[in-house]
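Chains as they are written, first to last, in my numbering: chain V, 1 to 490; chain R, 1001 to 1484. The beta-carbon is built from N, C-alpha and C at its ideal position, and this holds for glycine as well. If you're wondering where the values come from, they're calculated on a predicted model, not measured in any experiment. I have placed the structure first, in the form of structure tokens, so that the comments after it can refer back to it.
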């Protein structure tokens, strides 16, 4: 039986505020345990929450970016459950009246079609802390780190509009691009700044009713999300084809072992006893405030892609890569302007830079080669001091911290040979060594001779150890071969 | 000295009739003498009190001191005091020493008032007789076989027994007014949002409000002026200037319209209490006030609505007491669930557990609409009753509680009978209105109270009316015998 997959996502996005959503404690990632927590985060008796204005504005900016309904009033509620990393015994979140209502995020699918993904709503809430099971404490105990407790989150909930892992990843990347473009999230997936919960069900193709869904929680990379979806879809189909039924449950996927397991079934789910938080007043948003935020919105992915194509003349595919990665886009723009060759800068940024970052598992802000440094390298390619091939070697050296482009080029004698007499000598030697090839060239019909140049070029570049200026070599070679044609006919 | 009002004490300090140290030593001596029997204080902070008193004396000498500088004070043990154990009268917080002061504590310390200690109360402010305290019940100084009321029973009894000229208190459903009535002292619960809740351990956040208990309305005016004010640490605090409550105490009450809700004089009200209240109303009429018969038709919804909303909020507010970060933790927990279950079972008393269970039940899936949502609808109706009443009258008056102080154990087996103690006081908390109780007579040798309910932020007017009445009545000046 052909099956159809239905996917909806819930995405937790950590907001990049200086302080927590309800306290003045800091939010720096990687700090010593409990150094980013105050009496409010510890839920000491008598302490009270005060809402972080910046967190509200960030949530509203997201709402504006996806053209969502933004209700005048939103309400915080308490979600009650006991857990050691939840100091108050409840999470302050939103349920009935979220800050961001329904919106839309269109995505470009690989086959070129445009698909709209409906956003059900997005709400503000606080993150929980972390339980530590090893550390500098008695091994008989578990530790609790409340640094993350109270970090502001928006939870974005989609409608079940996605039909496979690829669409889900395309959507997730676009969402990542939107929140990082807005500057409301640092986008550091590995640090948990964006976490995906995936709701998956399958049904016979053409069926109107939804199948029973499972939720796979806390996926913090696009790759894990893709793997987890594929795994779960196959599992559900296998179960159904074997005549079984899908149990509504929460599942966990382990990206290292590539195995998923059931965490809890619906029966074990908590009754969270939501009710409006009496310590916080309803949040009222004025039209004037929204208008102010709207005017302050930074450039969003779709607009950026369009601008980059127009301003720099780069290809749509490259523009799209930049659109979803504003940091990379900024890097490109700096390099492009500094080296005055946008196409070359785009080619290098999306190629070499991205490739090296990926292999080294680095974020762009950790790149050993800055945009300015890249631009000097690209200038040397542009002014034909070095060839593209040599440039890759120079880049490699720059990446390893061996100096800037000019330094490396001069120290290693990478400077391209553009001295005509030296090049003429090399070309002459290669032609002299290959009389058969020259005869063949001369004997070939004029329109097809161009194809034969490659063989000579290869040998010439080899003879110059890659340092010959290819354009110049080409010119000299053609000249000399023309001479051979003339002498043959004359 | 202990018979003097705060205003008189302030004059005495300035005239150097006595120093703050002498005053402090005098009240500490009374605490030492009478508290072992009354049990009004959980903690006495004698040493730090003397240090504060000396500092106050220095300030007074410099001549720039606040009116309240050097006056002794007790804090209800629900207000966090930095470095001093704050127990909420619970085993759960028997070992809890806060690293911060409540805003109320901070505000009053800034005036130079001298904290003598922390007062006993019903556990987590849940009770109307002070019998739920982990530290044992407070006795009513007028009759030690009877309850002082609750939950601020320690504060009311301490002021009645002249162990301190002033005490802070909190009121979620009557916890300032009912014990003030039963102990023959004056107490005011201000408008919700008038006094900061920061550092005041929450029972029911949407109802809790701090206020003072003292001998007279005038003393309450001085204290409330220093306690109140906007606090950015409490989101429900109202950003509105605090009037000079003392300045308007002597305004004329000629033409004042007093609403008398007929629902507050129906069955269940002790006839002798009714008579005492009526007598005060008659005096007020003689002072020029007009008595207007009004109706608060949804009064009967107050107690049921309150006993859904307050426990619901409490069930969440008290979830933080889990034995993990501070407070009581059971011995040798075998796993996390055991740690939670036993720490909470052993750390909380019966009444607290009862209310957590009620609240949890009311918020549960399938019951929320029937209980919590309905209760909120009732709350809106109750608020509307008052809004309509205040279109016609300036202040509403009636009894503070239906009966005088009762004997220990009299209502111990019947939680609902106990809950009805607050039948006249709860509505103001649900509506967020200010309420006050002042003594208006003795029944069987123990005091009964007159309740004043004002419009939002009309504390100045209520204090004015109460003060005018106290100018011509003796009740606030009476004190229990045997405590000389």
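Within-8 Å CB hit, residue 78(V) to chain R: yes
Distance, residue 117(V) Cα to residue 212(V) Cα: 21 Å
Within chain V, the residues that residue 1133(R) reaches when beta carbons sit closer than 9 Å: Result: empty, since nearest Cβ-Cβ is about 17 Å, beyond 9 Å.
Ordered list of alpha helix (DSSP H) runs contained in the stretch 1187 to 1252 of chain R, each at least 4 residues: List check, alpha helix (DSSP H) in window: 1217 to 1227.
Under 9 Å from the C-beta of residue 269(V): neighbouring residues of chain R: Going along chain R, no residue has its Cβ under 9 Å from residue 269(V), so there is no contact; the nearest lies around 10 Å.
Within chain C, partners of residue 1099(R) - CB distance below 9 Å: The question asks about chain C, but that chain is absent: this structure's protein chains are V and R.
Under 7 Å by beta carbon: chain V residues contacting residue 1201(R): 45 and 46
Continuous beta strand (DSSP E) stretch holding residue 1060(R): start and end: Where residue 1060(R) is concerned, there is no enclosing beta strand (DSSP E), although the alpha helix (DSSP H) around it starts and stops at 1046 to 1062.
Contact with chain V by residue 1325(R), beta-carbon distance below 8 Å: yes
Beta-carbon proximity list for residue 275(V), same chain, < 8 Å, skipping 5 on both sides: 77 and 78
Runs of alpha helix (DSSP H) lying entirely within the stretch 270 to 312 of chain V, each at least 4 residues, in chain order: 287 to 296 and 301 to 312
Three CB pairs or more closer than 8 Å across the stretch 50 to 68 of chain V and the stretch 292 to 303 of chain V: A contact between stretches requires three or more CB pairs, one per stretch, nearer than 8 Å, and the stretch 50 to 68 of chain V meets this requirement with the stretch 292 to 303 of chain V.
Coil, strand or helix - residue 213(V) by DSSP: coil
Beta-carbon contacts of residue 1359(R) that lie in its chain and below 6 Å, excluding the five residues immediately before and after: Cβ-Cβ distances below 6 Å link residue 1359(R) to 1311, 1312, 1314 and 1315 in the same chain, with the five nearest sequence neighbours on each side left out; the list follows chain order.
Residues bridged to residue 120(V) [DSSP beta-bridge criterion]: DSSP, once it has assigned bridges, lists no residue as partnering residue 120(V).
Run of the alpha helix (DSSP H) containing residue 1030(R), from where it starts to where it stops: 1020 to 1038
Limits of the unbroken beta strand (DSSP E) element including residue 264(V): 259 to 265
One or two residues paired with residue 1396(R) in a DSSP bridge: 1259(R) and 1453(R)
Test item: CB-CB of residue 1308(R) and residue 1362(R) under 8 Å: yes
Best match in 477(V), 469(V), 464(V) and 98(V) for proximity to residue 449(V) [C-alpha to C-alpha]: For the residues 477(V), 469(V), 464(V) and 98(V), the minimum Cα distance to residue 449(V) belongs to 477(V).
Any 3 or more C-beta pairs closer than 8 Å across the stretch 302 to 312 of chain V and the stretch 276 to 290 of chain V: no
Residues sharing a beta bridge with residue 125(V), DSSP: 153(V)
7 Å Cβ shell around residue 1070(R) - same chain, five flanking residues per side excluded: 1013, 1020, 1023, 1053, 1056, 1057, 1060, 1112 and 1114
Residue 1372(R) in three-state terms, based on DSSP: helix
Counted within 10 angstroms of its Cβ, other Cβ atoms place residue 1355(R) as buried (16 or more) or exposed: By the neighbour-count rule (16 or more Cβ atoms within 10 Å), residue 1355(R) is buried.
Stretch-stretch touch, CB-based, cutoff 8 Å, three pairs: the stretch 16 to 29 of chain V with the stretch 42 to 54 of chain V: yes
Interface flag, residue 278(V) vs chain R, CB-CB below 8 Å: yes
Same chain, Cβ closer than 7 Å to residue 1224(R), five either side skipped, listed in chain order: 1188, 1190, 1211, 1212, 1245 and 1459
Closer than 9 Å at the beta carbon, the chain V residues around residue 1234(R): Those are 48, 50 and 279, listed as they occur along chain V.
Pair within 8 Å by beta-carbon distance, residue 367(V) and residue 353(V): Yes; because the gap between Cβ atoms is below 8 Å, this pair is in contact.
Bridge partner(s) assigned by DSSP for residue 536(V): Residue 536(V) lies beyond the stretch modelled for chain V, which goes from 1 to 490, so this question has no answer here.
Contact with chain V by residue 1316(R), beta-carbon distance below 8 Å: yes
Environment of residue 256(V) [buried if 16+ CB atoms lie within 10 Å]: exposed
Residue 1327(R) burial status per 10 Å Cβ neighbour count (16 or more: buried): buried
Among 361(V), 345(V), 119(V) and 1(V), nearest to residue 162(V) - alpha-carbon criterion: Nearest of 361(V), 345(V), 119(V) and 1(V) to residue 162(V), Cα basis: 119(V).
Nearest candidate by alpha-carbon position, reference residue 1196(R), set 185(V), 46(V) and 24(V): 46(V)
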